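Worksheet: one structure, shown below.
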Amino acid sequence: MDNLIRVLRSFSEGKEDKEFVDKLIDLLKDKLIDTVHQMYIQGLKFDNSRTIFPDQWKIIYSGLKEIDFFKYFIPHEYGGRKTTEENLYFIMELLGYVCPSLGIIFVAHSRAIDLILAGNDESQKKRFLEILSEGNFGAIAMTEERAGSDPTAIELSAKLEVDYYAFHGEKTFVSNAGLATIYTVLANTKGKRGARSLSAFIVESNTGGFLIENLPEKDGLKILPTGRLVFNNSLIPKQNLVGKEGSGLLLVLDVIDKGRILLAGVSCGLASRIFDEVFNYSRKRIQFDRPLTSSQDISFKMSDMITQINGARGLCFHALKQINTQHYRNASSQAKLFASQMVMSAADLGLKIMGGRGYFKNSMINMLSADARGMEYLEGTSSIQKMIISTELFKNYD
Ligand SMILES: Cc1cc2nc3c(=O)[nH]c(=O)nc-3n(C[C@H](O)[C@H](O)[C@H](O)COP(=O)(O)OP(=O)(O)OC[C@H]3O[C@@H](n4cnc5c(N)ncnc54)[C@H](O)[C@@H]3O)c2cc1C
């Protein structure tokens, strides 16, 4: 991990919030890396529907609360001590190194916060951001059975009935399902298909008629709770609408641009972990009376890996510099596309270098590889990133 920290500091030119980052690094090194390892080996996971979490999760959660981690996602005026996007990126790489699932948990959490901030109702922001700054999790729910890459197909219906919107329908593949207290949900308020039919809402976990269901087990990212949200005549107060009716998709798309860089950061952190695992192994593993690293084939594979990791990281830092410019969407999609492809290729090379050991289920490289494969789907698959990049390219390239 020390190498990752050194490289990250050279990319960030030492501009990170050192006090905050140092506290997190100590926590990760002293406690969380071992706790997460136990969870991997023992296959511990959440029961989302009954909100039952393994004991190890409590160690992770209380450690993060002790260092005031949740406050860093919330602006000062709402009770937090919001850090910069560069700092968030920095910590996502660290989380990706130790536990990619934890990285995704906080990407989803921070995007829920950004969506609430994108609204225009001060009392709404005050109320819900305070809840989130106190150590409660947020989630963002868009995907449905028939609306994956194409959110305009969203069917979850929200019908205004005097003071409430009545919700009927379902969301699926929701990160932080069961863990979150606050769900930001994209619903259809017009009863017909289309981008302008979608509105964003805040749904509290204790809302009547709202249930969480478990999904089948994932191949990787096992520490990330992922579930289905079921709404059966759930009454959502009118004041929980974020922004205006029909503005939901536009608000969410802006929020997702930021999420993409953070996810790319999780991928870079995860790839660095894969690199370290493989590097340490290949220096110790002796074949033909020599360590594996003395073979040019192995050392070239390692060279490819580290070059790709730093290439992806470079795209991420480049994208971070484009925030608030017209090039931001394109840059964040490029970073996400490249980083999620890079981490799969790092996992592939890693598995080759580990030989037969890597093929066994409980080997670290095998578990990290399963995590790596999951990084492609969130905030738009690689094909969707290419759609965004090509659209932006023709709009803004001069
Ligand atoms: C671990 C995990 C966590 C997730 N967390 C969340 C979450 O917190 N909130 C949430 O809302 N969603 C979440 N998702 C859902 C994720 O955003 C979707 O899986 C993703 O958007 C793709 O949708 P889909 O799976 O339905 O695939 P589809 O949309 O059915 O796509 C299938 C394939 O077709 C390709 N494709 C589709 N349309 C086109 C096209 N026009 N041109 C070219 N290729 C195309 C896609 O790239 C993909 O390869 C999560 C998913 C996973 C796996």
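Sequential numbering from 687 applies to the sequence shown in the numbering used here.
A virtual CB, placed ideally from N, CA and C, is assigned to each residue, including glycine.
Predicted model only: the values in this text are computed from it and were never measured.
For the pair Ile1070 and Asn1016, the CB atoms are not nearer than the 9 Å cut-off. About 5 Å separates the Cβ atoms of Phe756 and Gly821, confirming a contact at the 8 Å cut-off. Note: Lys857 is bridge-paired with Leu915 in the DSSP secondary-structure output. By the Cβ criterion, the region 882-900 is in contact with the region 931-938, since at least three pairs of Cβ atoms, one from each stretch, lie closer than 8 Å. Per the Cβ contact rule, the region 847-854 is in contact with the region 911-920 (3 or more Cβ pairs under 8 Å). Bridge partners of Gly824 according to DSSP: Ile868. By the neighbour-count criterion, in which a residue is buried when 16 or more other Cβ atoms sit within 10 angstroms of its Cβ, Leu865 is buried. Counting C-beta pairs with one atom in each stretch, the region 810-827 and the region 737-744 have fewer than three that are closer than 8 Å, which means they do not touch. Distance from the C-beta of Gly855 to the nearest heavy atom of ligand 1 is not below 8 Å. Remark: the C-beta of Val941 is outside contact range of ligand 1, defined as less than 8 Å to any heavy atom. Per DSSP, the beta bridge partners of Pro923 are Tyr850.
The beta-carbon separation of Thr829 and Phe792, rounded to 19 Å, does not stay under the 8 Å limit for a contact. For Ile972, DSSP records a beta bridge to Pro977.
For a cut-off of 8 Å, the C-beta gap from Ile868 to Ile817 is around 6 Å, short enough to register as a contact. For Asn900, the three-state secondary structure derived from DSSP is strand. In the structure shown, the three-state DSSP call for Glu1062 is coil.
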